[in-house]
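Undergrad: Shown below is the structure under consideration.
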Amino acid sequence: MILALLLQAAAAPPVPWAVTTQAGASSKATSSSAWSSDNKARLVVRCDVANEKIVSIQFIPKPGFAAALPRPVSIKADDDGWLGTNWQFPGTGAFISQDVIVTNLAQVIAHGKTIHVRVIDPDNAVVEASFAGPGEAPIRQVLKACEYELGVIPPRSAPPPVAPKAPTPPDPDAGE
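Counting in the numbering used here, the sequence shown runs from 6 upward without gaps.
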C-alpha cells in the first residue's frame, strides 16, 4: 500500500505545500508537499486513514530509489542540527511513519524557513535537497486529518506516565 502511495505522490507537482485530500472506497489520504529548489525531489507530509491512522513523511526523488532495506535519512531546518534515522525504502522513494519520529520531524518542517534533506541512497550515494518551509498551517491540517497535534506524540505512542513511588512507611522494629 505504501508503495502505491509513494508512486501516487510522485505524480504531477501540486502548488507548494497545498493540502489535498483523496478519498477511495476504503481509505482517505490528506497530504501536503513541495518540490525541492532544484525541482529534483518532493518532500511530503501525509496522513493515511484506512484501518488505522498513519502519518508519514516521504522523500521522493527523480527518478526514484530502488527498493532497499532501511537507509539513513536526515532532516534539518535552516542552520539547526541534523535529525536522522533509518527510513523505509519500498522503491521510488523513502518514508518514515514512526509516531515519535514523525512528531519531531513535522515540528522541524513546520517551523523551518528552509528544510534540508540528506539521504544515503541504496547505492550509498548522498542525495541532498532543499525545500522552502511550509509554515505551521498546512502541516497542522495534515496532522489533524489523522487526529495528531503538531508537537504532540499521539497517545498510542506516548510513553506511559511514571507513577510516583509511595513513601516507604517507617519500620516499627527499627531502632532510632
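Where a beta carbon is used, it is the ideal one built from N, C-alpha and C, also for glycine.
Report buried or exposed for PRO68, applying the criterion of at least 16 other Cβ atoms within 10 angstroms of its Cβ.
TA: exposed
Undergrad: Is PRO75 near GLN93, with beta carbons less than 7 angstroms apart?
TA: yes
Undergrad: Out of ALA137, CYS151, VAL132, which one is the CA nearest neighbour of VAL20?
TA: ALA137
Undergrad: Could you pull out every residue in the same chain whose Cβ sits closer than 6 angstroms to the Cβ of GLY117, ignoring the five residues on either side in sequence?
TA: ALA82, ASP83, GLY138
Undergrad: CA-CA distance, ASP128 and GLN103?
TA: CA-CA distance, ASP128 to GLN103, rounds to 24 angstroms.
Undergrad: I'd like to confirm the pairing. Which residues does DSSP put opposite LYS58 in its beta bridges?
TA: VAL54
Undergrad: Do you know how far the Cα of ILE158 is from the Cα of ASN109?
TA: 8 angstroms
Undergrad: What whole-angstrom Cβ distance do VAL54 and PRO143 have, given they're in contact under 8 angstroms?
TA: With a Cβ gap of about 17 angstroms, VAL54 and PRO143 do not count as contacting.
Undergrad: Can you tell me whether MET6 is buried or exposed, with buried defined as 16 or more other CB within 10 angstroms of its CB?
TA: No answer about MET6 holds up, because its pLDDT of 49 lies below 50 and its placement is not dependable.
Undergrad: Per DSSP, what are the beta-bridge partners of ILE144 in this structure?
TA: Paired residues: none, contrary to the question.
Undergrad: Please classify SER31: is it buried, with 16 or more other beta-carbons within 10 angstroms of its beta-carbon, or exposed?
TA: exposed
Undergrad: Of the residues SER79, ALA34, GLU154, which one's Cα is nearest the Cα of ILE125?
TA: SER79
Undergrad: Return the chain-ordered list of same chain residues with a C-beta closer than 8 angstroms to the C-beta of THR119, the five sequence neighbours on each side being excluded.
TA: ALA82, ASP83, SER135, PHE136, ALA137, GLY138
Undergrad: Which residues mark the beginning and the end of the beta strand (DSSP E) in which THR108 is found?
TA: Unbroken run through THR108 is the alpha helix (DSSP H), 104 to 116; no beta strand (DSSP E).
Undergrad: Beta-carbon separation of VAL50 and SER41 under 7 angstroms?
TA: no
Undergrad: Using the Cα positions of PHE100 and GLU141, report the straight-line distance between them to the nearest angstrom.
TA: 21 angstroms
Undergrad: Report the three-state DSSP secondary structure of TYR153 (helix, strand or coil).
TA: coil
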